[in-house]
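Residues in the sequence shown are numbered from 6 upward in steps of one, following our numbering. Each residue gets a CB set at the ideal place from its N, CA and C atoms; glycine is no exception. Notes follow the structure.
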Amino acid sequence: MIALQELRLGNKVLRNGIVVNVDNQTFWDIEKYPDQYEPIELTEDWLLKMGFEKLVHKYYKLGDYSVSMPKDEIRFIICNYMESPPSVKIKHVHQLQNLFHSLCGEELTIKEQS
C-alpha cells in the first residue's frame, strides 16, 4: 500500500505488479483500491533508467546529485557541499522522483529499455 500524500502526478508506482504513471485517475483509484498499489523498490536498474551514471562501488551520479546504495540503505546526496554533504534516506522510485523535482525543478526521465 502507498500513501496518497507521498505522490505527485507523473510518479511511477506498481498497480497489481505493473508499472503505471500516477495521473488524476490513479489518485481516485488508490483511495478506492489501496491494496492494488505499491511503491516501486529503488534498484540499480531504476537508477540507470533515470539517467544516473554508475561510479565506483555502489555510487551513482546525475549532475550535482548522487545516490549511494551501501548494504540495505539508499541515500540521496547533494554533492556540491564542501564538507559532509546532506543526505536523505530513500527506498522507492517515487521518493527519488519527488526529491529530484523539488531540488532541480525538473522531472527525471525514465529511459525505456529496448
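Legend entry - 8 Å CB neighbourhood of I79 in its chain, flanking five on each side removed: L47, V72, S73, K94, I95 and K96
Legend entry - Residues that L113 bridges to, as DSSP identifies them: According to DSSP, L113 bridges with nothing at all.
Inset, instruction - Answer yes or no: do L9 and I35 have a C-beta to C-beta separation smaller than 7 Å? - result: yes
Legend entry - Proximal residues to L108 (C-beta, below 8 Å), its chain only, five neighbours per side dropped: Closer than 8 Å at the Cβ level, and outside the excluded window around L108, lie Y70 and I83.
Legend entry - Among V27, N21, I23 and G22, the one whose alpha carbon lies nearest that of N103: V27
Inset, instruction - Answer yes or no: do L113 and M55 have a C-beta to C-beta separation smaller than 7 Å? - result: Yes, the pair counts as a contact, with Cβ atoms nearer than the cut-off.
Legend entry - Alpha-carbon to alpha-carbon, M6 and D40: Whole-angstrom Cα-Cα distance: 6 Å.
Legend entry - Contiguous beta strand (DSSP E) assignments of at least 3 residues, all confined to the region 60-106: 64-67, 70-73, 79-83 and 92-95
Inset, instruction - With DSSP as the reference, label L12 as helix, strand or coil. - result: coil
Legend entry - Buried versus exposed call for V61 [16 or more other C-beta atoms within 10 Å across all chains shown]: exposed
Legend entry - Buried/exposed call for L14, threshold 16 Cβ in 10 Å: exposed
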